[in-house]
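Heads up: the sequence lines are chains B and R, in that order. Residues 1 to 490, numbered by this note's numbering, are exactly what the first sequence covers, in order. Residues 1001 to 1490, numbered by this note's numbering, are exactly what the second sequence covers, in order. Written below as structure tokens is the structure these notes are about.
Number of protein chains: 2
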Amino acid sequence: MLTQDKKQRNWKPIIKAFEAVLGKNGVVQRREELITYECDGLTGYRQRPAVVVLPRTTEQVAEIVKICNQYSIPFIARGSGTGLSGGALPVIDSVLIVTSLMRQILSIDLENQRTVVQPGVINSWVTQAVSGAGFYYAPDPSSQIICSIGGNIAENSGGVHCLKYGVTTNHVLGLKIVTPEGEIIDIGGQIPEMPGYDLTGVFVGSEGTLGIATEITLRILKSAESICVLLADFTSIEAAGATVSDIISAGIIPGGMEMMDNFSINAVEDVVATNCYPRDATAILLIEIDGLEVEVAGNKQRVIEICKKNGARNVTSATDPETRLKLWKGRKAAFAAAGHLSPDYYVQDGVIPRTQLPYVLHEIQTLSEQYGYRVANVFHAGDGNLHPLILYDNSVHGALEQVEEMGGKILKLCVQVGGSISGEHGIGEEKKCYMPQMFSQVDLETMQWVRQVFNPKGLANPEKIFPTPRTCGEAANASAIKQFEGVERF
Amino acid sequence: MLTQDKKQRNWKPIIKAFEAVLGKNGVVQRREELITYECDGLTGYRQRPAVVVLPRTTEQVAEIVKICNQYSIPFIARGSGTGLSGGALPVIDSVLIVTSLMRQILSIDLENQRTVVQPGVINSWVTQAVSGAGFYYAPDPSSQIICSIGGNIAENSGGVHCLKYGVTTNHVLGLKIVTPEGEIIDIGGQIPEMPGYDLTGVFVGSEGTLGIATEITLRILKSAESICVLLADFTSIEAAGATVSDIISAGIIPGGMEMMDNFSINAVEDVVATNCYPRDATAILLIEIDGLEVEVAGNKQRVIEICKKNGARNVTSATDPETRLKLWKGRKAAFAAAGHLSPDYYVQDGVIPRTQLPYVLHEIQTLSEQYGYRVANVFHAGDGNLHPLILYDNSVHGALEQVEEMGGKILKLCVQVGGSISGEHGIGEEKKCYMPQMFSQVDLETMQWVRQVFNPKGLANPEKIFPTPRTCGEAANASAIKQFEGVERF
């Protein structure tokens, strides 16, 4: 990876300008301190930024961005750095604007069910702040105890409970943003539907390319009266997949509906020993039903019937918080467990129509055998959002390349059956070369035009999302693109 | 109103080009036939188009738009013409592209709960096409038996059931659009969350300024197992308003929650004689609860308790389809009833936070007394989406101007309490001069930049949504703007 740093530019006056805005403590430039910021959750890609700045207010962010504009320096916003597609990866000679000091919950309005937060606020803090009054914030990425709301906005993050309640974009009412030229603008508002163009919708999921959100108005929901978690085990993937479809077709939308395959089940039992997950099951479903007590009781019976009809061997359920937590424990620990099983793993994030689950899982198994890498499948079954974890050893020469190639084939498969190359992790650095497989040239051009409107100099998070001949024309990526040749756009 | 027509331009080669694409029957140019197209549901504004064209396919729409580009002719798309903000109002010397021959339901995929339709398909046809299999299309504007899906997309239409299920934008998965330059592009897709910028979100509600949707992928929902309609009557607006807040605070989201005031109640009883609405009630609430039988039964009891606690005199309920229809009948006929009471009426479409209902309704009453025009209030209480109907007689000199001024004051009030100048009718021609009251100059400029990306020549539905010095600087509108002076942006 590239390790060029800040020598070629005269950073002295720039640092001085940053320090005038933030004080000396707000500017990080020592080489050993910068190492922390070399990568985000996509650990295979690394690039040290020239400088890291730590603003506390909207105005400070705007000042920093203006200085970057003055000197034509690329800048990248970063929250907690948990992103999985390299969205917060620095570029050479860039400024990383880190929001970890912007951690205030600015206001809470329970009556109108909204709260205004700074971008560095941790996802789970929002729920903590309002749970006493019986409310919660719905989007819950696996990393929710460390990931930031700003990062969630950038990547339009999902989570277990997004099946019923929608992803981040469905919970953002308005944003104060600093544009890539340093202007402060307000988009959206305090109420869900505003007249004019829906700029909030465009901004959420734009991965830092359209500016930096500095105040975020979130919708909070009333906590459910009752919650029930069911664990159903199956002797075939097809049966588990059919159960998922049948539950949705019955008009039941569970709070979450997750699937784990045999390999994942054994991995988590080895590591966290829930003693709840049957080690001989081909697949398990974890189904959370929430709502009124009567509703939950009724839906629970119907879900159990559907599971049994599809051949579930056992269905256990829990409504008390302690047992519910125990049932979820293995699912929540699945990624960590994969880390115990193998020195490295590569997570994919493809989406498919629910009806294609059995076919796609079978094809992934075939690829796994063909390439000789084990795959653990643990994913949001209700949304058709797959997270195959490909286990490999990065110290073996050529392994990463093979695994990336295999991952590319999984994405190709998702697109072939009418799905998508990303469900909730974003495109970032990692998948930009796959974008032409989902979008025509005109579609991508239209997005680029929109980008141009907000980000005319291209300084805000450059080289992300969109493929360029320079980055995607290189040998490795060209071969990745080649895999998709002949795939029809759906 | 302006009545200038097509004399100043040589239309001969243009008409010939249109006829080459659509045949003679697809091009309407006789003066008496054009009268139909002079206005939409905002009947106070009229402008005859130069030509009306009736395409049947995406390719024909693209060809027409290319011809308009070649000759620099402004064009406006129109569905059924039921819009209430003048979004389909022609401009001088323009081509009206009417989608009423694009009425095919192209595909239905029940398993994945989606359908692809042409823009001229009538809203209620979508539900009709899938109801046999137990599905429905959720957004239900009052005009649903005549309004088109294309128009719903343009205005991001709402309806009674949008409280629980969201407005049009929440039900559109993807769009094939003809850009204002005649290119055909696909935005969004078959699955809810796609990577890249959310252009579908921007397009929905853009009122025809970013292009013409020619194929629309809609999400369809499973019909509820059980539905219950409750009618609660109150002796004060405050009590009805508090009931609305309390129901939502209790974590119950009704399918719909509508309020009518005493004047509306008596108007509909005079005209359609439901014999269900108590004529002496100060306000009634119509509350529809849907879901599983057990859920509906449970929520019904809780809603009744909340109504009683807030002083409801009576709460009646119905689950059988016939009585439910009877309870809804008066609400559905409310606009028509206002038409019987008065030669003319002016509908407003403001949004306020639910907690502000009693205050705002009281202020509207004060304005009504001050101006001497009766106001019937009938609206989506759960969303805080007001529809005050101001009754007046257009044959009285100066009445329309007074009523528009009064309407402007109501919108000012909505903005003052943290609401919006439009809930579901759009900005169109009618409210563009109020946009600066909700958005800063930079916000509006940003939207205009986005418009510029799609619509660089400004030919697609010009003069809508955005205020211009020419249109909003004129005397009448300047005074409307003046009303808002001193109002803080929230």
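From the three backbone atoms N, C-alpha and C, an ideal C-beta is built for every residue, glycine too.
Note down, in chain order, each residue of its chain lying with its Cβ closer than 6 angstroms to the Cβ of residue i, except the 5 sequence neighbours on either side.
| i | result |
| --- | --- |
| R:F1018 | V1027 and V1053 |
| R:I1067 | A1017 |
Alpha carbon to alpha carbon, how far is residue j from residue i? Give it in angstroms, no decimals.
| i | j | result |
| --- | --- | --- |
| R:G1023 | R:Q1060 | 11 angstroms |
| R:E1033 | R:H1425 | 27 angstroms |
| B:R279 | R:V1172 | 42 angstroms |
| R:V1415 | B:Q104 | 27 angstroms |
| B:A460 | B:T200 | 17 angstroms |
| B:F75 | B:P462 | 8 angstroms |
| B:A240 | B:V167 | 24 angstroms |
| B:G407 | B:I287 | 27 angstroms |
| B:T491 | R:I1153 | Residue 491 of chain B cannot be examined here, being either before or after the span of chain B that is shown, 1 to 490. |
| B:S143 | B:T217 | 21 angstroms |
| R:N1377 | R:N1266 | 12 angstroms |
| B:W11 | B:R46 | 22 angstroms |
| R:Y1037 | R:R1048 | 7 angstroms |
| R:G1041 | R:A1334 | 16 angstroms |
| R:Y1346 | B:K222 | 37 angstroms |
Count the other C-beta atoms from every protein chain shown that fall within 10 angstroms of the C-beta of residue i, then say buried if there are 16 or more, exposed otherwise.
| i | result |
| --- | --- |
| B:S422 | buried |
| R:Q1437 | buried |
| R:N1314 | exposed |
| B:I145 | exposed |
| B:V351 | buried |
| R:L1325 | exposed |
| R:P1469 | exposed |
| R:D1393 | exposed |
| R:G1132 | exposed |
| R:N1275 | exposed |
| B:H396 | According to the sequence shown, residue 396 of chain B is Val rather than His. Flag for B:V396 reads exposed. |
| B:V21 | buried |
| R:S1107 | exposed |
| R:P1343 | exposed |
| B:V296 | buried |
| R:N1025 | exposed |
How would you list, in chain order, the residues of chain B whose beta-carbon sits under 8 angstroms from the beta-carbon of residue i?
| i | result |
| --- | --- |
| R:D1393 | Per Cβ cutoff of 8 angstroms: no residues; R:D1393 is ~30 angstroms from chain B at best. |
| R:G1423 | E193 |
Taking residue i as part of the alpha helix (DSSP H), name the residues at either end of that continuous run.
| i | result |
| --- | --- |
| R:G1241 | I1237 to S1249 |
| R:V1271 | N1262 to V1272 |
| R:A1376 | From DSSP, R:A1376 is part of no alpha helix (DSSP H) but of the beta strand (DSSP E) over V1375 to H1380. |
| B:F454 | Q441 to F454 |
| B:A129 | N123 to S131 |
| B:S368 | L357 to Y371 |
How far does the beta strand (DSSP E) with residue i in it reach, from first residue to last?
| i | result |
| --- | --- |
| R:Y1392 | P1388 to Y1392 |
| R:T1217 | I1212 to R1219 |
| R:S1317 | N1314 to A1318 |
| B:E404 | Note, B:E404: premise wrong, no beta strand (DSSP E); alpha helix (DSSP H) at A399 to Q416. |
| B:V178 | V172 to V178 |
Can you pull the chain B residues whose beta carbon is under 9 angstroms from the beta carbon of residue i, in chain order?
| i | result |
| --- | --- |
| R:S1440 | I185 and D186 |
| R:K1491 | Residue 1491 of chain R falls outside the range modelled here, since chain R spans only 1001 to 1490, and no answer is possible. |
| R:M984 | As displayed, chain R neither begins before 1001 nor continues past 1490, which places residue 984 of chain R out of reach and without an answer. |
Can you pull the chain R neighbours of residue i, defined as C-beta to C-beta under 8 angstroms?
| i | result |
| --- | --- |
| B:M447 | G1196, Y1197 and L1199 |
With a threshold of 8 angstroms between beta-carbons, can residue i be considered close to chain C, or not?
| i | result |
| --- | --- |
| R:V1061 | Of the protein chains in this structure, namely B and R, none is chain C. |
What does residue i touch in chain R if you count any residue whose Cβ is under 7 angstroms from its own?
| i | result |
| --- | --- |
| B:N156 | E1193 |
Within a Cβ cutoff of 7 angstroms, which residues of the same chain sit near residue i, ignoring the five residues on either side of it in sequence?
| i | result |
| --- | --- |
| B:R56 | L101 and M102 |
| B:I187 | G174, L175, I177, L199, T200 and F203 |
| R:P1353 | G1384, V1417, G1418 and G1419 |
| R:T1253 | The residue asked about is misnamed: residue 1253 of chain R is Ile in this sequence, not Thr. These residues qualify, in order along the chain: L1163 and K1164. |
| R:S1245 | R1354 and T1355 |
Which bits of chain R does residue i rub up against, with CB to CB less than 9 angstroms?
| i | result |
| --- | --- |
| B:T169 | E1193, D1198 and G1201 |
| B:I247 | By Cβ distance, chain R contributes nothing, its closest Cβ being about 11 angstroms from B:I247, past 9 angstroms. |
| B:R354 | E1111 and N1112 |
Among the residues of its own chain, which have a CB less than 8 angstroms from the CB of residue i, if the five just before and after it don't count?
| i | result |
| --- | --- |
| R:K1457 | N1069, S1072, P1180 and E1181 |
| B:E269 | N275, Y277, R279 and G330 |
Just to make sure I have the definition right: I need the residues of chain B whose C-beta is within less than 7 angstroms of the C-beta of residue i. Which are they?
| i | result |
| --- | --- |
| R:V1375 | Within chain B, no residue comes near R:V1375; the closest Cβ sits about 22 angstroms away, beyond 7 angstroms. |
| R:D1320 | Neighbours of R:D1320 on chain B: none; closest Cβ ~20 angstroms, over 7 angstroms. |
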